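Residue numbers (the UniProt record's numbering): 1 to 208.
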């Protein structure tokens, strides 16, 4: 009889109801879920920021002012350049091909001077007809856009040395030091083994 008197039969135990216990457990579960979601969101956000900023991967001849670039359209040579793969895409016999270098006919094209159109869409060459109509006006737009190599912005410290596929186009003071050398010594010779025959995205341009 005494044990029955000590144990209330109204759903409580020492003043704590079973409902209170359930509520406390639910609060703990909800709190754990909130913490988990917050942690996941933080990790995802950090990863997203990392993916969205690729300044360090952009080529030295690319234009400044872009935290992220997927592709460039190069109106002067009617080609595209993908930052991730470091490949150029252009038409060969009516078919789109991707190569590490531009076609031989553009072996003297200077990427630092040519205009580059940033295109952050996958496979922009699929809209080539529209791109030509919209950006064809930038042909022969040499030297008016600026580039990462010549930028003083500290964000581009790493990217200034990104010279995929081609040799570097000498700066004015470097050209003066190269006077008197033969064309082969200056990297103007067409030497396939050294990658100087258009294998020069930096230099690759016709001087006009």
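The C-beta atom is built at its ideal place from N, Cα and C for all residues, glycine as well. Only a predicted model underlies this, so the values are computations on that prediction, with no experimental measurement involved.
query, result
"Within 10 angstroms of the Cβ of residue 119, are there 16 or more other Cβ atoms? Answer buried if so, exposed if not.", "buried"
"When the Cα of residue 121 is compared with those of 33, 60, 80 and 64, which residue comes out closest?", "80"
"What does the alpha-carbon distance come out to for the pair residue 86 and residue 69?", "12 Å"
"Helix, strand or coil: which one does DSSP assign to residue 74?", "strand"
"Taking only the alpha-carbon atoms, compute the straight-line gap between residue 138 and residue 75 and give it to the nearest angstrom.", "6 Å"
"Identify the continuous beta strand (DSSP E) that holds residue 125 and give its terminal residues.", "From DSSP, residue 125 is part of no beta strand (DSSP E); its letter is neither H nor E."
"Using three-state DSSP, classify residue 135 as helix, strand or coil.", "helix"
"Three or more C-beta pairs under 8 Å: does that hold for the segment 121-133 against the segment 58-73?", "yes"
"I'd like the span of the beta strand (DSSP E) that includes residue 82, first residue to last.", "79-82"
"Compute the distance between the beta-carbons of residue 155 and residue 59, then report whether it is under 8 Å.", "no"
"Does the Cβ of residue 92 have 16 or more other Cβ atoms within 10 Å, making it buried, or fewer, making it exposed?", "exposed"
"DSSP on residue 172, reduced to helix/strand/coil?", "Below a pLDDT of 50, predicted positions are generally treated as unreliable, and residue 172, at 45, falls in that range; the measurement from the model is reported next regardless. Helix."
"According to DSSP, simplified to helix, strand and coil, what is residue 157?", "coil"
"For residue 95 and residue 33, what's the separation of their Cα atoms in angstroms?", "53 Å"
"Helix or strand or just coil, what does DSSP make of residue 23?", "helix"
"Work out the CA separation of residue 153 and residue 90 for me, nearest whole Å.", "32 Å"
"I need the DSSP call for residue 106, collapsed to helix, strand or coil.", "helix"
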